[in-house]
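Okay, structure first, notes after.
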Amino acid sequence: MRIGDRDFGSRLILGTGGFPRLETLAAAVRESGTEMVTVALRRIDPGARGSLVDVLEDCGVAVLPNTAGCYTARDAVLTARLAREAFATDWVKLEVIGDERTLLPDAPELLVAAEELVADGFTVLPYTTDDPVLARRLEDAGCAAVMPLGSPIGSGHGINNPYNLRLIVEQASVPVILDAGVGTASDAALAMELGCDAVLCASAISRAQDPVAMARAIRLAVAAGLLARGAGRIARRTYAQASTPEEGTPEFVHPSDPARPLA
Amino acid sequence: MRIGDRDFGSRLILGTGGFPRLETLAAAVRESGTEMVTVALRRIDPGARGSLVDVLEDCGVAVLPNTAGCYTARDAVLTARLAREAFATDWVKLEVIGDERTLLPDAPELLVAAEELVADGFTVLPYTTDDPVLARRLEDAGCAAVMPLGSPIGSGHGINNPYNLRLIVEQASVPVILDAGVGTASDAALAMELGCDAVLCASAISRAQDPVAMARAIRLAVAAGLLARGAGRIARRTYAQASTPEEGTPEFVHPSDPARPLA
Amino acid sequence: MRIGDRDFGSRLILGTGGFPRLETLAAAVRESGTEMVTVALRRIDPGARGSLVDVLEDCGVAVLPNTAGCYTARDAVLTARLAREAFATDWVKLEVIGDERTLLPDAPELLVAAEELVADGFTVLPYTTDDPVLARRLEDAGCAAVMPLGSPIGSGHGINNPYNLRLIVEQASVPVILDAGVGTASDAALAMELGCDAVLCASAISRAQDPVAMARAIRLAVAAGLLARGAGRIARRTYAQASTPEEGTPEFVHPSDPARPLA
Amino acid sequence: MRIGDRDFGSRLILGTGGFPRLETLAAAVRESGTEMVTVALRRIDPGARGSLVDVLEDCGVAVLPNTAGCYTARDAVLTARLAREAFATDWVKLEVIGDERTLLPDAPELLVAAEELVADGFTVLPYTTDDPVLARRLEDAGCAAVMPLGSPIGSGHGINNPYNLRLIVEQASVPVILDAGVGTASDAALAMELGCDAVLCASAISRAQDPVAMARAIRLAVAAGLLARGAGRIARRTYAQASTPEEGTPEFVHPSDPARPLA
Amino acid sequence: MTIVLNGEPRALQDGTTVADLLRALEVGERGVAVAVDAEVVPRGAWESFVVGDGAHVEVVHAVQGG
Amino acid sequence: MTIVLNGEPRALQDGTTVADLLRALEVGERGVAVAVDAEVVPRGAWESFVVGDGAHVEVVHAVQGG
Amino acid sequence: MTIVLNGEPRALQDGTTVADLLRALEVGERGVAVAVDAEVVPRGAWESFVVGDGAHVEVVHAVQGG
Amino acid sequence: MTIVLNGEPRALQDGTTVADLLRALEVGERGVAVAVDAEVVPRGAWESFVVGDGAHVEVVHAVQGG
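Residue numbers (the working numbering), protein chains in the order written: chain Y, 33 to 295; chain V, 33 to 295; chain A, 33 to 295; chain R, 33 to 295; chain F, 517 to 582; chain Z, 517 to 582; chain W, 517 to 582; chain E, 517 to 582.
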């Protein structure tokens, strides 16, 4: 998978939010096989010196800063520019939120922010709704990928509207990354089967009872879904199709049975 | 997973029906990592000397004969006994079909056949409906596992009634193996997440455009689903849960902005 | 709809269980427009003289005794015979339960009881699973209708497996009555659209906050579903089909616009 | 239901597109009980003098002009103004389409057009996606109602994402009208149960095999869904809840039975 | 003698018929049915059917049920 | 002079008003609206509004639509 | 004499055993099973079991099956 | 003079640069970014950029985020 000017072997992007400890995060990163993880920007906390950047550097993964918490294009753009300073990267996971309770994106603000950041030379990966028209407009605006949600962040509802996701995939000429909603492995496999190029996953892994095991589970599921899509699944049929041939089925005739005509 | 007196490392049982060529079957068996495959009994065909048994022996997998094509307990029992002679195994995948179009099991006949075969010393793995009561009665009759369908054989509809499957798993004290209906990887992952101990899969693999790739896909999916179940997935929530902390979000104040009270 | 030797105008059968008061039951019966309601047999309670039979007689509805609480064919058959004495009717809603927690039917016992009661001259309406093969065997045994469940009694989950319900309807030559699972109006409409001849409904109405209003709601929904099925719904399409013609769409050309070629 | 300055008794708005003949349209309008129907504006066709307006006047229903076929805010606004001239109404069903194949709305353009038309004194009913944030922004912009889609126009897929529809209903303080996607009666009932105030329906009725019968079916379904919502449906339960009391169940003891302890 | 009536032991005089029993219970005949030792006693036999010692008698009537 | 009427070129006499045009088209006034060069011409201005050379005129009316 | 072999009539010499029959069919023993008149003939009895006139014989082997 | 640092008022000496401020905060330079009055201060300008009276300064760094 190629995003912007980078090739990725792994189809799983990991969100670093929600991990109880940095050690767990590091183990999950390694188990997931991911090559890129998201981070956020927050006010420095003189108390706790965070070694997050060091940990991720040790893991050898790229950092994708997000603009989580921004409710306007202005704040999101400024946050992206701060991230560029902080991490010396012009990649950004663009979030412009429209509702505190559902953390769903604000479509018009998102598009404005995307246009500004693209013009400013950023490689923009927008967290968007599952609206196919918005996805295409984001692509037309020059985004390097589109990242539609399956369901709200952290909800674990999986993919609420596979139909829309299919439409997005059909029309997109940039990578489509399912972002938000994955709750467990089968959700991730389904996303890939529907045609997504990758899955971005935070809470499903970081908040699982065993984050490291779930990191591995979702890694396998993403690989399984990608393979299955390539393998060409069987068509759905209304009725059954025997997996054992009928021809040659023996007929057991007991002398006491009523006579049957020979075949 | 332990079935009867045997331990299995692999959670995938492969049906051999539908593969276009024996070479493909052999490659798929190896790629799937399975330890047991199903076979059927049919009248000998003097024309084509089938080397199926040899191929499977080379693969080093156990053979699980089925009673496909039987519509009565009597025929199924007799077929099982023939299989015992042919393959020197007392294991049987018991099928008693009740309808030609859907190949759905005939519950009462199935139970009668299971009781007879258990009494005759067989290790009985019945292909059954997703009826939890029937599943328990089969277990009470001494079956070594229960193999409920997700949807009709070869239909590729996946799991039509996850609720019933959950009930079966909740109550079962023998392994529950999803048999029939799997269409692609995510179906297999879901089955394991719902609590199945294994998945039996024929058409989804043998009739895929690339059976060998699909064998690998479903192997990974089964592993992913099993891991995910063990990892303890996040609960489904009605609304979102932020994966980025709100605390510490910067506030960007421009001199031109209306004054805000300090935090 | 004709069941046995009786024609019904109403496609809704009401279960009398769960109503807080007899007055509410009577009002709901009238609002529902039903022509037949179920009742159960229990040990007489010298304390409370129940006027249930009188109430139902006033409503002018037929009584359909059930065998609720029976776990064996023997008990169900005996209960049906007691009901015949008590209500001077040879109609019976046959229930043979196989599990206390889910109250799901016991397929083999149900079939045995049905055969006995048919032989004894009863008009048998069996509460059954959504297993199409079992449904056909019950019909072959001489049942006057088949009453598959949508989901467990009182669960309000609606129709868990529309696919199976469709198969049952396709093959049945006796009325198919959805019994158990309805939670609200749309469930009842869907059942009729899937091809059911009628809906049997107790808890959804009797335990609603406003049973009388819900009785009317489900009455309307059953009528709506039946009408819709007859009206021939539009096919599902992958993409959109405009409901407004594209032809004749005006083109607004402002002098400042770039010149367009004439149509 | 009150929209803008008007009260409506009927909860069904009928789209006039797709009816084969004006007589059928008139009959369906009457059978549906609707009080308002949509119409479109197209170039006059000197050949066929359309008596559509007369027919609708005879039916005594209000006319709601749409802006179907517009792909920009500018065209939609101009079309709305033409409609105001043509029909002497400042009500408009605002459509700004973003994709020819799916006819899905273009969120940013839709919002711009809505703001302009509200400022121009229109009563704006926007056809929108099922995005809750966009729905709220349209309401904040002064729209008199929001009309989210269930699935694409004419697709008959019903409600693809009930979760989003629920969110829209929860937060809205203007009427929510399900627009587009309804295929049959149960879809309309479900929309009302989810909390919609009304349903707008064109193809499901106009393109049904029997449009007049379907008009009645959907009218009943809308009424059923509204009633059911008000009646307070039973909660969904994981297991069963008996609709017949267990207490007082007779125990049939035959002398040949093993002795049981008395209760 | 003693019978088991609806699960409870009950003393009874010899020769008591089902009809006697119902009268003693003050149970109207409508919507009622009787089983003795897992056999139905038809309405027409109530007057003549004598309940034996140790008999298991079930007297049932209509209740609300789904 | 020539205008574009509903996408088609049409010859017109100088000084033709919107009202003249509608009469020529034999279009009743009910349910009709007119735009000239992407601006609505209000009903009240039809008699006075003179269509200029090269004008793009759209005359629309109600059709069935969803 | 004549038997029915896998649904087809077949002439057979008197005294033919199951083993003779399999040899005649050139069927290897591996993965093969035989039923005569709806009863399984155990492998160990093939040499001794004589097929009677009119017998219904089924000779089966492994095929691919789900 | 007084500025607002990460939402809190803070007294500062005249002429304090962004770099001075970061040293005072004992914040390493890695993974840190600074905005003054809603404008990013590029890393290269930290030594020269003097924080003015009443300025709103945001100093941020990386945290775990989805």
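Just so it is clear, CB atoms sit at the ideal spot from N, CA and C, and this is done for glycine as well.
Please read these numbers as outputs of a predicted model, since none were measured by experiment.
Between Ala221(V) and Ala240(Y), is the Cβ-Cβ spacing less than 8 Å? no
Measure the beta-carbon distance from Ala176(A) to Thr161(A) and round it to whole angstroms, keeping in mind my assumption that it falls under 8 Å. That belief does not hold up - the Cβ atoms of Ala176(A) and Thr161(A) are roughly 18 Å apart, past 8 Å.
Does the Cβ of Gln529(E) have 16 or more other Cβ atoms within 10 Å, making it buried, or fewer, making it exposed? exposed
When you check each C-beta in the region 544-561 of chain E against every C-beta of chain C, which residues fall closer than 9 Å? In the structure shown, chain C cannot be found, because the protein chains are Y, V, A, R, F, Z, W and E.
Looking at chain E, is there any beta carbon in it that lies within less than 8 Å of the beta carbon of Arg14(Y)? Nothing in the structure corresponds to residue 14(Y), since chain Y is present only between 33 and 295.
Closest to Trp123(R) by CA distance: which of Ala112(R), Ile129(R) and Arg133(R) is it? Ala112(R)
Inter-residue spacing [alpha-carbon to alpha-carbon] between Val95(A) and Asp229(A): 19 Å
Which residues in the same chain as Ala256(R) place their Cβ atom closer than 7 Å to its Cβ, once the five residues preceding and following it in sequence are excluded? Ala221
Bridge partner(s) assigned by DSSP for Thr518(F): Ala527(F)
If we cut at 8 Å on Cβ distances, does Ala139(V) have a partner in chain A? yes
Would the region 151-171 of chain V and the region 145-153 of chain A be scored as touching if the rule is three or more Cβ pairs under 8 Å? no
Is it the case that the Cβ atoms of Ala105(R) and Met246(A) are separated by a distance below 8 Å? no
Under 8 Å between the Cβ atoms of Pro180(V) and Asp211(V)? yes
Contacts around Ala578(Z), its chain only, beta-carbon distance under 6 Å, and the 5 residues preceding and following it disregarded: Gly547
Rounded to the nearest angstrom, how far is the Cβ of Val567(F) from that of Ala118(A), given a contact under 8 Å? Rounded, the Cβ-Cβ distance is 19 Å, inconsistent with contact.
Span separating the alpha-carbon of Arg526(Z) from that of Phe565(Z): 18 Å
8 Å is my cut-off, CB to CB: does Val129(V) come that close to chain W? It is worth fixing the name first, because residue 129(V) is Ile in this sequence and not Val. It does not: the Cβ of Ile129(V) has no partner Cβ on chain W nearer than 8 Å.
Determine the chain Z residues that contact Val85(R) at a beta-carbon separation under 9 Å, and present them in chain order. Arg546, Gly547, His577 and Ala578
Give me the Cα-Cα distance between Arg38(V) and Gly213(A), rounded to the nearest whole angstrom. 40 Å
Would you kindly work out how many angstroms separate the C-alpha atoms of Val93(V) and Pro137(R), rounded to a whole number? 56 Å
Interface residues of chain V facing Glu574(E) [CB-CB closer than 8 Å]: Pro282, Glu283 and Phe284
Could you check how far apart the C-beta atoms of Ala60(A) and Val244(A) are, in whole angstroms? I think they sit under 8 Å. 5 Å
Roughly how many angstroms lie between the CA atoms of Pro164(R) and Ala204(Y), to the nearest whole one? 24 Å
Would you say Val71(Y) faces chain E, with C-beta separation under 8 Å as the test? yes
Can you tell me whether Gly47(A) is helix, strand or coil according to DSSP? strand
Would a check of beta-carbon distances place Gly531(E) closer than 8 Å to chain V? no
Report yes if the C-beta distance between Leu44(A) and Val87(A) is below 8 Å; otherwise report no. no
Taking 7 Å as the cut-off, is the C-beta of Asp289(A) nearer than that to any heavy atom in the ligand FMN? Because no ligand of any kind appears in the structure shown, any question about the ligand FMN cannot be addressed here.
Would you identify the three-state DSSP class for Ala115(A), choosing helix, strand or coil? helix
Pull up the CB-CB distance for Ser275(A) and Gly50(R), whole angstroms please, since I reckon it's below 8 Å. 5 Å
Using a Cβ cut-off of 8 Å, which residues of the region 150-164 of chain A contact any Cβ in chain F, in chain order? none
For Val618(W), write down the residues that DSSP places opposite it in a beta bridge. Any question about residue 618(W) goes unanswered here, given that chain W covers just 517 to 582.
In three-state terms, what does DSSP make of Asn196(V)? helix
What three-state label does DSSP hand Val285(Y) in the structure shown? coil
For Asp211(A), which beta-bridge partners are listed by DSSP? Leu232(A)
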